[in-house]
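Chains as they are written, first to last, in the numbering used here: chain A, 47 to 210; chain B, 47 to 210.
We put the CB at the ideal spot given by N, CA and C, even for glycine.
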């Protein structure tokens, strides 16, 4: 390989690009129908689309502390969208509010991702100890991003089932 | 970074590992219930689980020519699982047969993936011309694998909705 630093940076860029692509697909999905459509369940007795948006915000927001980038922006969403399934909480935030949170979070994450170096991406994420990381150097920040990209794809598969 | 060749190889290994992880999750899912459960739709008026297994085989099989690794093993599945939605074809292959195809394909792909070098992963995939690849070097074989990993996650999201 002619230039390995270039290769490493390029692959990291590909992974970030694919994250952004799936992130954008979620944004597009939630701008496709009238707001009322997102109050429907994606399948019978399953989560409503609006809950899945909140869930994606809560999970993606968790990347901030996990990647050592700061505190969560919306820690209050954990109790609504992470700890309990849909329909456990009487009132969810409105779709308008959730879409604003989604945009704010995406801008914050994109800003961080654009600044992170390859060395940072290949360093441990914050829920693995330095000792455990030595034993398994694949438990790095990049792995968190790969995982969360697939998490977006997972719920996109469900959202696309919505009978809007 | 101390050793960039190592970094490049490590990231490629992470991407392959995550592919294998999501691939395994599909295998585990289709060994979880009685065969009859997979004849159900994952959601009302949507694909049956058995169709999605065939669809995943057809799409993953397409990686062989796309990555320049050979011909498809099950080209006959395209007409059943790619060109048409579920319930277009009267008789699908049995679940037993599909699971055997799935295993055979996974072993073939794993064998190839383990042998491919970083240079090969970063080379163009076969549906992009050398000229277009020069303009966008991110259209490489690794991008196909990232995409197909997320495709597995996408349908896993749907499969997990199955009321088995």
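Enumerate in chain order the residues of its own chain whose CB-to-CB distance from residue i is below 8 Å, with the five nearest sequence positions on each side excluded.
{"i": "residue 48(B)", "result": "Model confidence at residue 48(B) stands at a pLDDT of 49, short of 50, so the residue's coordinates are unreliable and nothing is read from them."}
{"i": "residue 189(B)", "result": "171"}
{"i": "residue 156(B)", "result": "66"}
{"i": "residue 78(B)", "result": "210"}
Residue i touches chain A at which residues, Cβ-Cβ below 8 Å?
{"i": "residue 106(B)", "result": "Simply none; closest approach about 15 Å."}
{"i": "residue 203(B)", "result": "199, 200, 201, 202, 203 and 204"}
{"i": "residue 207(B)", "result": "88, 89, 92, 204 and 207"}
{"i": "residue 96(B)", "result": "Correct list: empty, because the minimum Cβ distance to chain A is about 17 Å."}
Going along chain B in order, which residues have a C-beta closer than 8 Å to the C-beta of residue i?
{"i": "residue 84(A)", "result": "Correct list: empty, because the minimum Cβ distance to chain B is about 16 Å."}
{"i": "residue 53(A)", "result": "50, 54, 164 and 168"}
What does a CB cutoff of less than 7 Å around residue i pick up in its chain, not counting 5 residues either side in sequence?
{"i": "residue 136(B)", "result": "none"}
{"i": "residue 197(B)", "result": "105"}
{"i": "residue 115(A)", "result": "158"}
{"i": "residue 207(A)", "result": "88 and 89"}
{"i": "residue 195(A)", "result": "64, 65 and 68"}
{"i": "residue 138(B)", "result": "96, 97, 100 and 126"}
{"i": "residue 177(B)", "result": "none"}
{"i": "residue 179(A)", "result": "170 and 185"}
Considering only their Cβ atoms, is the gap separating residue j from residue i smaller than 9 Å?
{"i": "residue 199(A)", "j": "residue 200(B)", "result": "yes"}
{"i": "residue 76(A)", "j": "residue 145(A)", "result": "yes"}
{"i": "residue 60(B)", "j": "residue 192(A)", "result": "yes"}
{"i": "residue 91(A)", "j": "residue 209(B)", "result": "yes"}
{"i": "residue 66(A)", "j": "residue 202(A)", "result": "no"}
{"i": "residue 204(A)", "j": "residue 134(A)", "result": "no"}
{"i": "residue 69(B)", "j": "residue 50(A)", "result": "no"}
For a contact defined as C-beta to C-beta under 7 Å, what are the partners of residue i on chain B?
{"i": "residue 113(A)", "result": "Within 7 Å Cβ-Cβ: nothing; residue 113(A) doesn't reach chain B, min ~15 Å."}
{"i": "residue 131(A)", "result": "Within 7 Å Cβ-Cβ: nothing; residue 131(A) doesn't reach chain B, min ~13 Å."}
{"i": "residue 156(A)", "result": "Those within 7 Å of residue 156(A) in chain B number zero; the least Cβ separation is about 17 Å."}
{"i": "residue 195(A)", "result": "196"}
Give me the residue from the options with the minimum Cα distance to residue i.
{"i": "residue 167(A)", "options": "112(A), 133(A) and 141(A)", "result": "112(A)"}
{"i": "residue 169(B)", "options": "187(B), 156(B), 130(B) and 139(B)", "result": "187(B)"}
{"i": "residue 153(A)", "options": "110(A), 52(A), 204(A) and 205(A)", "result": "110(A)"}
{"i": "residue 108(A)", "options": "173(A), 179(A) and 177(A)", "result": "173(A)"}
Going along the chain, which residues of its own chain have a beta-carbon closer than 6 Å to the beta-carbon of residue i, five neighbours each way excluded?
{"i": "residue 147(A)", "result": "103 and 120"}
{"i": "residue 141(A)", "result": "81, 84 and 96"}
{"i": "residue 131(B)", "result": "none"}
Chain A partners of residue i, CB-CB under 9 Å?
{"i": "residue 189(B)", "result": "60, 63 and 64"}
{"i": "residue 183(B)", "result": "56"}
{"i": "residue 152(B)", "result": "Ordered by position in chain A, no residue passes the 9 Å Cβ test against residue 152(B), which lies about 18 Å from the chain."}
{"i": "residue 69(B)", "result": "Correct list: empty, because the minimum Cβ distance to chain A is about 12 Å."}
{"i": "residue 160(B)", "result": "Going along chain A, no residue has its Cβ under 9 Å from residue 160(B), so there is no contact; the nearest lies around 16 Å."}
{"i": "residue 126(B)", "result": "Result: empty, since nearest Cβ-Cβ is about 20 Å, beyond 9 Å."}
In chain B, which residues lie less than 9 Å from residue i when you measure between Cβ atoms?
{"i": "residue 103(A)", "result": "None at all; the shortest Cβ gap to chain B is about 17 Å."}
{"i": "residue 119(A)", "result": "Ordered by position in chain B, no residue passes the 9 Å Cβ test against residue 119(A), which lies about 25 Å from the chain."}
Please tell me whether, using a cut-off of 8 Å, the distance from the CB of residue i to the nearest non-hydrogen atom of the ligand SAM is below it.
{"i": "residue 103(A)", "result": "With respect to the ligand SAM, the structure offers nothing, as it holds no ligand at all."}
Count the CB pairs spanning the region 54-69 of chain A and the region 183-192 of chain B that are closer than 8 Å, and state whether there are at least three.
-> yes
The region 113-129 of chain A touching the region 68-88 of chain A, judged by at least three CB pairs closer than 8 Å | no
On the three-pair Cβ rule with 8 Å, is the region 100-111 of chain B touching the region 125-139 of chain B?
-> Yes, the region 100-111 of chain B touches the region 125-139 of chain B.
How do the region 158-173 of chain B and the region 158-165 of chain A stand: do at least 3 beta-carbon pairs fall below 8 Å, yes or no?
-> no
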